[in-house]
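This note's numbering applies: residue 32 is where the sequence shown begins, and numbers increase by one.
Beta carbons: idealized from backbone N, C-alpha and C, even for Gly.
Encoded as structure tokens, the structure appears first; notes follow it.
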Amino acid sequence: MSDQGRRDRPARRRFRPIVGEALESRELMSTLTPGAIFLQRRAMLARQLMIGQRGSVDRFVTAAGSAVTVTDTDGERYRVQLTGEGAVTSTSLPDGRIGLVVRGTNTLSQLDVVPLSRVRVAEGAHTFGPYKAFGDGMLNIGLLDVYGPINGIFGYNTAKLSGPLVVRDGTTVDRIALADLEPGASVSVGGTLNQLEVLRSAHLAGAGTGINTGLDLNVLNVGGFLTLNDGAGIRVGRDLGLIEQAASGTGRGGRGARIDGGVFIAEGSRWSIDRTLAAAVLDLGDFVGTSRFVVGNGIPTGGLVVVGTSIP
Numbered sequence: 032m033s034d035q036g037r038r039d040r041p042a043r044r045r046f047r048p049i050v051g052e053a054l055e056s057r058e059l060m061s062t063l064t065p066g067a068i069f070l071q072r073r074a075m076l077a078r079q080l081m082i083g084q085r086g087s088v089d090r091f092v093t094a095a096g097s098a099v100t101v102t103d104t105d106g107e108r109y110r111v112q113l114t115g116e117g118a119v120t121s122t123s124l125p126d127g128r129i130g131l132v133v134r135g136t137n138t139l140s141q142l143d144v145v146p147l148s149r150v151r152v153a154e155g156a157h158t159f160g161p162y163k164a165f166g167d168g169m170l171n172i173g174l175l176d177v178y179g180p181i182n183g184i185f186g187y188n189t190a191k192l193s194g195p196l197v198v199r200d201g202t203t204v205d206r207i208a209l210a211d212l213e214p215g216a217s218v219s220v221g222g223t224l225n226q227l228e229v230l231r232s233a234h235l236a237g238a239g240t241g242i243n244t245g246l247d248l249n250v251l252n253v254g255g256f257l258t259l260n261d262g263a264g265i266r267v268g269r270d271l272g273l274i275e276q277a278a279s280g281t282g283r284g285g286r287g288a289r290i291d292g293g294v295f296i297a298e299g300s301r302w303s304i305d306r307t308l309a310a311a312v313l314d315l316g317d318f319v320g321t322s323r324f325v326v327g328n329g330i331p332t333g334g335l336v337v338v339g340t341s342i343p
């Protein structure tokens, strides 16, 4: 700009830099280091996505009550979809957990937890770190109450349970598949449960929590450790491993129980089978608390196979 142009500019519009002030916030002339700029951007994206904030989850009901879309406090989005008859409603629970109530189902109804893509935010197109550094990739279910029959509940790679899961109907549930069972979790089925699959570990703790079936449990598979503490327990109302199950999806099928990491049953907790151990319990690790593994008709020869060390 010429000197004449500078002289003609009105005083109120004339640029007057302040001593000690950064000229602008852009990287080109910013005094911030590259590392500080990265952390600043990551914090900005975290705020936009509500990542790491404790509190309630966002919920949106879709498909005439057969599904809800949930955004958890990690900024991750999930669709809880009911296939077949019935409706699902949701509520926000403390610590970023979700509560689900399912009604009007039949023996063909299935509940799936499906991950959705994140909401796009400004300036997030070329920033990849925050998306992987924050969320855990899991929907934390603090309550799942099913008031009728249901065929299956599926969140093998997408959902962890930290509260009660109750199927109040006495008809057979074909399969329940979850990623983790955390302290406070319980799985209670009024009738027979054909398959219970846990991708990682089942750490059950607290009086009245654990796994409970009114009749048979045909398959129990845990990919990590199975621990029972503080009064938590497993109670099979009739037989374990009575009927062989076909492999389906992520399920191995077969019958009986397989624990890949090891079993720990603390004093005050118990794993009980009211009638018959019809197929073997295979523990690929150590079994601590074998004296608290109880079968009504006694443990048959070869009924409990421990690869590691057995400790009463």
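Review point. Residue range of the beta strand (DSSP E) that Glu228 falls in?
Key: Residue mapping note: residue 228 aligns to position 197 of the sequence shown, counting from 1. Segment 224–229, the beta strand (DSSP E) holding Glu228.
Review point. I think Gly222 touches Thr240, with their Cβ atoms under 8 Å apart; what is that distance to the nearest whole Å?
Key: On the sequence shown, position 191 is the one that residue 222 refers to. On the sequence shown, position 209 is the one that residue 240 refers to. About 20 Å; that fails the 8 Å criterion.
Point to revise | 8 Å Cβ cutoff met for Leu196 and Leu175 | key: On the sequence shown, position 165 is the one that residue 196 refers to. On the sequence shown, position 144 is the one that residue 175 refers to. Result yes, Cβ atoms of Leu196 and Leu175 sit closer than 8 Å.
Point to revise | Spatially closest choice to Gly168 from Leu308, Tyr178, Ala210, by CA coordinates | key: What you label residue 168 is simply residue 137 of the sequence shown in a count that begins at 1. Measuring from the Cα of Gly168, the nearest candidate turns out to be Ala210.
Review point. Counting only runs that start and end within the segment 201–267, where is the beta strand (DSSP E) found for 3 or more residues in a row?
Key: 204–212, 217–220, 224–229, 233–236, 241–244, 248–253, 256–260, 264–267
Exercise for review: Could you say which of Asn328, Trp302, Val336, Val294 lies nearest to Asp317 if we only look at CA atoms?
Suggested key: Taking the first residue of the sequence shown as 1, we reach residue 317 at position 286. When only C-alpha atoms are compared, the closest one is Val294.
Practice item. For Arg323, name the three-state secondary structure that DSSP assigns. Key: The count along the sequence shown starts at 1 and reaches residue 323 at position 292. Residue state, collapsed to three classes: helix.
Check your understanding: Could you give the distance in angstroms between the alpha-carbon of Gly106 and the alpha-carbon of Ser193?
Key -> Numbered from its first residue, the sequence shown carries residue 106 at position 75. Numbered from its first residue, the sequence shown carries residue 193 at position 162. Answer to the nearest angstrom: the Cα atoms are 19 Å apart.
Review point. Would a C-beta distance cut-off of 8 Å place Arg286 and Ala310 closer than the cut-off?
Key: Translated into positions along the sequence shown, residue 286 becomes position 255. Translated into positions along the sequence shown, residue 310 becomes position 279. Their beta carbons are under 8 Å apart, which means Arg286 touches Ala310 by this criterion.
Review point. In the structure shown, what three-state DSSP assignment does Gly117 receive?
Key: Position 86 of the sequence shown holds residue 117. Gly117 falls in the coil class under three-state DSSP.
Point to revise | Whole-angstrom C-beta distance between Asn182 and Leu227, which should lie under 8 Å | key: In the sequence shown, the residue the question calls residue 227 occupies position 196. In the sequence shown, the residue the question calls residue 182 occupies position 151. In fact, because the Cβ distance is near 14 Å, the residues do not count as touching under 8 Å.
Check your understanding: Who are the near neighbours of Ser232 in its chain, counting only those whose CB is closer than 6 Å to its CB and skipping five residues on each side?
Key -> The sequence position of residue 232 within the sequence shown is 201, counting from 1. The residues are Gly255, Phe256.
Point to revise | Pairwise C-alpha distance: Gly280 and Pro331 | key: The sequence position of residue 331 within the sequence shown is 300, counting from 1. The sequence position of residue 280 within the sequence shown is 249, counting from 1. One C-alpha to the other measures close to 31 Å.
Check your understanding: With DSSP run on the structure shown, which of helix, strand or coil describes Gly83?
Key -> Position 52 of the sequence shown holds residue 83. Interpretation of Gly83 is limited by its pLDDT of 45, a score under 50 that renders its predicted location unreliable; the figure taken from the coordinates is listed afterwards. In this structure, Gly83 counts as coil in the three-state DSSP scheme.
Review point. Can you name the start and end residues of the beta strand (DSSP E) that Leu273 belongs to?
Key: Locating residue 273 in the sequence shown gives position 242, where the first residue counts as 1. Here Leu273 belongs to no beta strand (DSSP E), and DSSP marks it neither H nor E.
Review point. If you draw a straight line from the alpha carbon of Ala216 to that of Leu235, how long is it in whole angstroms?
Key: One-based indexing of the sequence shown puts residue 216 at position 185. One-based indexing of the sequence shown puts residue 235 at position 204. If I take the Cα positions, the gap works out to 6 Å.
Check your understanding: Residues bridged to Leu175 by DSSP?
Key -> Within the sequence shown, residue 175 is the residue found at index 144, counting from 1. Paired residues: Leu131, Leu196.
Practice item. Please state if the CB of Ile172 and the CB of Ile129 are separated by a distance shorter than 8 Å. Key: Stepping through the sequence shown from its first residue, residue 129 is reached at position 98. Stepping through the sequence shown from its first residue, residue 172 is reached at position 141. Yes. Within cutoff.
Check your understanding: For Asp126, which three-state DSSP category applies?
Key -> Taking the first residue of the sequence shown as 1, we reach residue 126 at position 95. The answer is helix: DSSP assigns Asp126 an H, G or I state.
Practice item. My understanding is that Tyr187 touches Val145, with C-beta atoms under 8 Å, so please give their C-beta distance in whole angstroms. Key: Numbered from 1 along the sequence shown, position 156 holds the residue referred to as residue 187. Numbered from 1 along the sequence shown, position 114 holds the residue referred to as residue 145. About 12 Å separates the two Cβ atoms, so there is no contact after all.
Exercise for review: Whole angstroms is fine: what's the gap from Ala164's alpha carbon to Glu213's?
Suggested key: Start at 1 with the first residue of the sequence shown, and residue 164 comes out as number 133. Start at 1 with the first residue of the sequence shown, and residue 213 comes out as number 182. In this prediction, Ala164 scores a pLDDT of 49, lower than 50, which makes its location untrustworthy; the coordinate-derived value is nonetheless stated afterwards. Going by the C-alpha atoms only, they are around 22 Å apart.
Exercise for review: Report the residue from Gly329, Leu251, Ala278, Val267 whose alpha carbon sits nearest the alpha carbon of Leu313.
Suggested key: Mapped onto the sequence shown, residue 313 falls at position 282. When each option's Cα is compared against that of Leu313, the closest is Leu251.
Point to revise | Residue span of the beta strand (DSSP E) that contains Ala98, given as start and end | key: Sequence index remark: in the sequence shown, residue 98 carries index 67 (1-based). Unbroken beta strand (DSSP E) run through Ala98: 98–102.
Practice item. Report the three-state DSSP secondary structure of Val144 (helix, strand or coil). Key: Numbered from 1 along the sequence shown, position 113 holds the residue referred to as residue 144. Here Val144 sits in strand by DSSP.
Review point. If you draw a straight line from the C-alpha of Gly135 to the C-alpha of Thr114, how long is it?
Key: As a first step, residue 135 is located in the sequence shown; it is residue number 104 there, counting from the start. As a first step, residue 114 is located in the sequence shown; it is residue number 83 there, counting from the start. One C-alpha to the other measures close to 12 Å.
Review point. Looking at Pro180 and Asn249, is the spacing between their C-beta atoms short of 8 Å?
Key: Taking the sequence shown and counting its residues from 1, the one referred to as residue 249 is at position 218. Taking the sequence shown and counting its residues from 1, the one referred to as residue 180 is at position 149. It is not a contact, given that the beta carbons lie outside the stated cut-off.
Practice item. Alpha carbon to alpha carbon, how far is Gly299 from Asp261? Give it in angstroms, no decimals. Key: Taking the first residue of the sequence shown as position 1, residue 261 is located at position 230. Taking the first residue of the sequence shown as position 1, residue 299 is located at position 268. Each residue's alpha carbon lies about 6 Å from the other.
Review point. Under 8 Å between the Cβ atoms of Val99 and Val119?
Key: Here residue 99 refers to the residue found at position 68 of the sequence shown. Here residue 119 refers to the residue found at position 88 of the sequence shown. Cβ atoms of Val99 and Val119: closer than 8 Å.
Practice item. Indicate whether Asp247 and Leu273 have their beta-carbon atoms separated by less than 8 Å. Key: Reading the sequence shown from its first residue, position 216 is the one you call residue 247. Reading the sequence shown from its first residue, position 242 is the one you call residue 273. Their beta carbons are under 8 Å apart, which means Asp247 touches Leu273 by this criterion.
Point to revise | Nearest-angstrom beta carbon gap, Asn225 and Val204 [assumed within contact, 8 Å] | key: By one-based count along the sequence shown, residue 204 stands at place 173. By one-based count along the sequence shown, residue 225 stands at place 194. The Cβ separation is near 7 Å, so the contact holds.
Check your understanding: Does the distance from the CB of Val177 to the CB of Val133 come in under 8 Å?
Key -> The residue given as residue 177 occupies position 146 in the sequence shown. The residue given as residue 133 occupies position 102 in the sequence shown. In contact: Val177 and Val133 (Cβ atoms closer than 8 Å).
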